[in-house]
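Residue numbers (our numbering), protein chains in the order written: chain H, 1 to 79; chain A, 80 to 248. Note that CB positions come from ideal geometry on N, CA and C, so glycine has one too. What follows is a set of notes on a single structure, which appears directly below.
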């Protein structure tokens, strides 16, 4: 369902994506083309968990982010 | 299943050491949970595990909380339950359990240590997260009865892809 995430949910998502999907701080001018890095990371996460690829923090995505889990990143990042 | 770029142990004879214990369970319960969790993988692969009580083991097991010196701090109750490192020297293979969680032996309250440990040891042996929701290596915790647990096919395929099947079966 489309929802407006609370401030807490935004913080949770930010922490989650940084930790498990290598979301980095975006600096410099904002690109006018294509989705944001955060949206791409949300999609990456949604794809991994077999969720609908919306690129936004819908209720299913937030519910998955709130589940207890292993601390190893889902996407392996280089050393 | 997926792997850490095929990182694996060069030997099938691995050692493990339990460095400390959680207050949530008795020593015997922790020992049994850890031993069983390793046997889950030994049953379907050529890997064999020997416990040591001093010195550095391939798989060092500890209960810890918050910032514990590996640049991957735990986050208090809930969310992250544990983590483990892919095969390798030093911290490689080690498994850390967040002692801000409530671990259990056989009840459905808290997080079953056997299930969490079996997942983490999958990482210690070279498996990354699976996107199969039924797999042990799926990243989120879900309770299943430890008494009747059998390693799901995706995980068997993963460990046998890395190390081959159990030659004794």
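- For residue 218 of chain A and residue 198 of chain A, the gap between their C-alpha atoms comes out near 8 Å.
- Among the residues facing chain A, residue 40 of chain H is not included, as its CB has no counterpart in that chain under 9 Å away.
- Within chain H, the residues 47, 48, 49, 50, 74 have their CB atoms less than 9 Å from the CB of residue 210 of chain A, given in chain order.
- Contact check between the region 165 to 181 of chain A and the region 82 to 95 of chain A: three or more CB pairs, one atom from each, fall below 8 Å, which counts as touching.
- The beta carbons of residue 81 of chain A and residue 209 of chain A sit about 6 Å from each other, so the pair counts as a contact at 8 Å.
- Proximity of residue 66 of chain H to chain A, defined by a Cβ-Cβ separation below 9 Å, is satisfied.
- One alpha carbon belongs to residue 181 of chain A, the other to residue 229 of chain A, and they sit about 24 Å apart.
- Taking a Cβ-Cβ threshold of 9 Å, none of the residues of chain H is close to residue 147 of chain A; the smallest such distance is about 11 Å.
- Only those residues of the region 157 to 182 of chain A whose C-beta falls short of 9 Å from the nearest C-beta of chain H are listed: 157, 158, 159, 160, 161, 162, 163, 164, 165, 175, 177, 180.
- At least one beta carbon of chain H lies nearer than 9 Å to the beta carbon of residue 218 of chain A.
- Across the region 105 to 120 of chain A, no CB contact with chain H closer than 7 Å is found for any residue.
- Residue 169 of chain A carries a coil assignment under DSSP once its states are collapsed to helix, strand and coil.
- At a Cβ-Cβ threshold of 9 Å, residue 100 of chain A and residue 109 of chain A count as neighbours.
- Collapsing the DSSP output to three states places residue 17 of chain H in a helix.
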